[in-house]
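Chemist: One structure follows; several queries about it will come next.
Residue numbers (full-length UniProt numbering): 1 to 406.
Put into C-alpha cells, the structure is as follows:
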C-alpha cells in the first residue's frame, strides 16, 4: 500500500509550522510530505516593517527552509502554485503538478486596495522581503536625490502611510527611528521630512484599548509623526495623495505612499473554485474546507469565526501558528487511523505592537496593559519563542532578538 501524500502550499507561518510539526509526528513510512514555496526561504511577516524602514536587515528576517525542515522527511519543492484542482486532488505548479491525499493551503495574503484609484499602481505594500527591500531603497534614493536637484522637490521627503492598524503603526514607529539617521547621512534638516499616517477610522489602532492608543499616538507624535484620523484616501498618483476629511478634500505632495490598510486572502483560492470571502475560505471547526474534507486551510486563507464576538478571527501570526499545530496533529491522527480529530480552539495570549525599537504597547494574559520598555521586552519574548518553536536553540541564537535593551 502506498503512503498517503500530504502537500503543503506556502511556507508562511501556517505552512512551515505544519511541515515542522508533521515531520516530528510522522515517520518516513507513514506518509510522503511535500512543502511547496515560491522562495527557498520562510520569512517573518511581522518583521517586514523593520526591513521596509531600514532598521533591520532583511537577511535577519528570512530563514532558509532547509535549516528548519528535514529534507529526508519532507520533500521541499521550490515552485509557484498556479492552480488547485480539488475535484482531481491535484495542485498545478509552474513546472509540474502534484497529487495529494491531504492538502494544506497556507498561501498567505494579498493587499486589499478597495478600488481606490491609483493605489495599486502608485503605492507600495509591505508583503514580502522584496517589497520591503524596495520601500527601503526607494526612501533612501529620494533622500539621496533631494540635494542633487536644482529645485529640490518636497514630495521626495513626504512619506505617507495609509492605515493606522498594526502594520501602519509599527511601520511609522520604525520610520520615526530611521529618519533622523537618514537626515544625518544625507545632510537634510529633520524638519523638512514629514511622516504622515492617514486612517479612515475615527481612531488609530481601531478596536484597541483607548489608553494604549493615546500612549502610542503621543509617543509617535513626539517623534514627528503626523496623524490624519477620519481621513478617507480618495486617490493616489505618482506625486500626490488625495484624501477627504470632514467633507473637505486635501492633497499631500508625495511620491512615497505605503499602503498598510487592508489585506485579503490569496486570490488563487477563489480562482480554484473554493467558496471564499475576499480570498478567505470558510472552514469547519477542525479547519477543513466545508467543500472538501481532504483540504485543510491555515493562516490568512482561513475564515473562522469567534463565537463570542461573532466576528472572524484576525489573520495574525499567532493564530496561523496555532492553526498549523492543530492541523498537523489532526492529519497525523487521520493517517494513523484515528478519526477523532480536534476542533481548533485559539488560545489568544495577547497582542503587542511595536512603536520603534525601544517603545511598544500591548495587552497580554488577563488584559494586562503594557507600555514602553516592558511591552518592547514582551514583543521580543514572543518573537524569540516562535524561533525556538520552529527551529530550536540554534535558530534562536542565529536569528533571535536577544538584546532586550536595544
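Backbone N, C-alpha and C define an ideal beta-carbon position, used for all residues, glycine too.
DSSP on residue 182, reduced to helix/strand/coil?
Modeler: In the chain shown, the residue the question calls residue 182 occupies position 182. DSSP places residue 182 in helix when its eight states are reduced to three.
Chemist: Roughly how many whole angstroms lie between the Cα atoms of residue 16 and residue 62?
Modeler: The residue given as residue 16 occupies position 16 in the chain shown. The residue given as residue 62 occupies position 62 in the chain shown. About 13 Å.
Chemist: Does the Cβ of residue 189 have 16 or more other Cβ atoms within 10 Å, making it buried, or fewer, making it exposed?
Modeler: One-based indexing of the chain shown puts residue 189 at position 189. Flag for residue 189 reads exposed.
Chemist: Of all the alpha helix (DSSP H) runs that stay within the bounds of the segment 187 to 250, which reach a length of 4 or more residues?
Modeler: Listed in chain order, they are 210 to 222.
Chemist: To which residues does DSSP link residue 290 through a beta bridge?
Modeler: Here the question's residue 290 lines up with position 290 in the chain shown. Partner(s): none; residue 290 has no beta bridge.
Chemist: For residue 141, count neighbouring Cβ atoms within 10 angstroms of its own Cβ and tell me buried if that reaches 16, exposed if not.
Modeler: Taking the chain shown and counting its residues from 1, the one referred to as residue 141 is at position 141. Result: exposed.
Chemist: Using alpha carbons as the reference points, say which of 81, 88, 237 lies closest to residue 8.
Modeler: Position 8 of the chain shown, counted from the first residue, corresponds to residue 8. Residue 8 has its Cα closest to that of 81, out of 81, 88, 237.
Chemist: For residue 176, I'd like the list of residues in its chain whose CB is within less than 7 Å of its CB, leaving aside the five on either flank, ordered along the chain.
Modeler: Here residue 176 corresponds to residue number 176 of the chain shown, with the count starting at 1. Correct list, in chain order: 195, 220, 223, 224, 225, 356.
Chemist: Per DSSP, residue 57 is paired with what?
Modeler: Residue mapping note: residue 57 aligns to position 57 of the chain shown, counting from 1. In the DSSP output, where bridge partners are listed per residue, residue 57 has none listed.
Chemist: Output the distance between the C-alpha atoms of residue 41 and residue 34, rounded to the nearest integer angstrom.
Modeler: The sequence position of residue 41 within the chain shown is 41, counting from 1. The sequence position of residue 34 within the chain shown is 34, counting from 1. Answer to the nearest angstrom: the Cα atoms are 15 Å apart.
Chemist: Would you mind listing the alpha helix (DSSP H) stretches within the segment 17 to 89 that are 4+ residues and don't spill past its ends, in chain order?
Modeler: Entirely contained in the segment 17 to 89, the alpha helix (DSSP H) runs reaching 4 residues are, in chain order, 48 to 53, 58 to 61, 65 to 68.
Chemist: Rounded to the nearest angstrom, how far is the Cβ of residue 10 from that of residue 96, given a contact under 8 Å?
Modeler: Locating residue 10 in the chain shown gives position 10, where the first residue counts as 1. Locating residue 96 in the chain shown gives position 96, where the first residue counts as 1. Not quite, the Cβ-Cβ distance comes to about 17 Å (not below 8 Å), so this is no contact.
Chemist: Do you know how far the Cα of residue 318 is from the Cα of residue 361?
Modeler: Within the chain shown, the letter at position 361 stands for residue 361. Within the chain shown, the letter at position 318 stands for residue 318. Roughly 17 Å between the two C-alpha positions.
Chemist: Report the three-state DSSP secondary structure of residue 308 (helix, strand or coil).
Modeler: Sequence index remark: in the chain shown, residue 308 carries index 308 (1-based). It is coil, neither helix nor strand.
Chemist: With which residues is residue 392 paired in a DSSP beta bridge?
Modeler: Taking the chain shown and counting its residues from 1, one reaches residue 392 at position 392. None; residue 392 has no bridge partner.
Chemist: Alpha carbon to alpha carbon, how far is residue 25 from residue 335? Give it in angstroms, no decimals.
Modeler: For the purposes of this step, residue 335 is taken as the residue at position 335 of the chain shown. For the purposes of this step, residue 25 is taken as the residue at position 25 of the chain shown. So the alpha carbons of these two residues sit roughly 11 Å apart.
Chemist: Beta-carbon within less than 8 Å of residue 321's beta-carbon, same chain only, minus the 5 sequence neighbours each way: which residues are those?
Modeler: Start at 1 with the first residue of the chain shown, and residue 321 comes out as number 321. The answer, listed in chain order, is 13, 14, 17, 386, 389.
Chemist: Would residue 156 and residue 51 be called neighbours here (beta carbons separated by less than 8 Å)?
Modeler: As a working note, residue 156 is residue 156 in the chain shown. As a working note, residue 51 is residue 51 in the chain shown. No, the Cβ-Cβ distance between residue 156 and residue 51 is not below 8 Å.
Chemist: As a quick exercise: from 149, 118, 292, pick the residue whose alpha carbon is nearest that of residue 102.
Modeler: Residue mapping note: residue 102 aligns to position 102 of the chain shown, counting from 1. Here the closest residue by C-alpha is 292.
Chemist: Run through DSSP, which three-state label would residue 264 get?
Modeler: The residue labelled residue 264 in the question sits at position 264 within the chain shown. It is a strand residue.
Chemist: Is the beta carbon of residue 105 less than 8 Å from the beta carbon of residue 341?
Modeler: Working through the chain shown from its first residue, we reach residue 105 at position 105. Working through the chain shown from its first residue, we reach residue 341 at position 341. No.
Chemist: For residue 121, which option in 326, 111, 129 has the closest C-alpha, if you only look at C-alpha atoms?
Modeler: The residue you call residue 121 lines up with position 121 of the chain shown. The candidate whose alpha carbon is nearest that of residue 121 is 111.
Chemist: Taking its Cβ as the centre, do 16 or more other Cβ atoms sit within 10 Å of residue 373, making it buried, or is it exposed?
Modeler: Residue 373 sits at position 373 when you count from the first residue of the chain shown. Under this definition residue 373 is an exposed residue.
Chemist: Grouping DSSP H, G and I as helix and E and B as strand, with all else coil, what is residue 110?
Modeler: For the purposes of this step, residue 110 is taken as the residue at position 110 of the chain shown. Looking at residue 110 - three-state DSSP - the assignment turns out to be strand.
Chemist: According to DSSP, is residue 166 helix, strand or coil?
Modeler: Taking the chain shown and counting its residues from 1, the one referred to as residue 166 is at position 166. In the structure shown, residue 166 sits in a helix (DSSP, three-state: H, G or I).
Chemist: Exposed or buried, which one is residue 174 when buried takes at least 16 other CB atoms within 10 Å?
Modeler: Working through the chain shown from its first residue, we reach residue 174 at position 174. Residue 174 comes out buried.
Chemist: Give a yes or no on whether the minimum CB-CB distance between residue 37 and chain D is below 8 Å.
Modeler: As a matter of chain content, chain D is missing from the structure shown, which is built from one protein chain.
Chemist: Could you tell me the alpha carbon to alpha carbon distance between residue 60 and residue 399, rounded to whole angstroms?
Modeler: Sequence index remark: in the chain shown, residue 60 carries index 60 (1-based). Sequence index remark: in the chain shown, residue 399 carries index 399 (1-based). Cα to Cα, residue 60 sits roughly 6 Å from residue 399.
Chemist: According to the Cβ coordinates, are residue 315 and residue 304 closer than 8 Å?
Modeler: Taking the first residue of the chain shown as 1, we reach residue 315 at position 315. Taking the first residue of the chain shown as 1, we reach residue 304 at position 304. Taking 8 Å as the Cβ cut-off, residue 315 and residue 304 do not qualify as a contacting pair.
Chemist: Determine the contact status of residue 238 and residue 369, defining contact as a CB-CB distance below 8 Å.
Modeler: Residue mapping note: residue 238 aligns to position 238 of the chain shown, counting from 1. Residue mapping note: residue 369 aligns to position 369 of the chain shown, counting from 1. No, the pair does not count as a contact, with Cβ atoms beyond the cut-off.
Chemist: I'd like the list of long-range same chain contacts for residue 93, defined as Cβ closer than 8 Å, with 5 residues on each side in sequence excluded.
Modeler: For the purposes of this step, residue 93 is identified with residue 93 of the chain shown, where counting begins at 1. Result list for residue 93: 36, 77, 79, 80, 81, 82, in chain order.
Chemist: Rank 259, 200, 352, 88 by C-alpha distance to the C-alpha of residue 119 and give the top, closest one.
Modeler: Within the chain shown, numbered from 1, the residue matching residue 119 stands at position 119. Checking every option, the nearest Cα to that of residue 119 belongs to 259.
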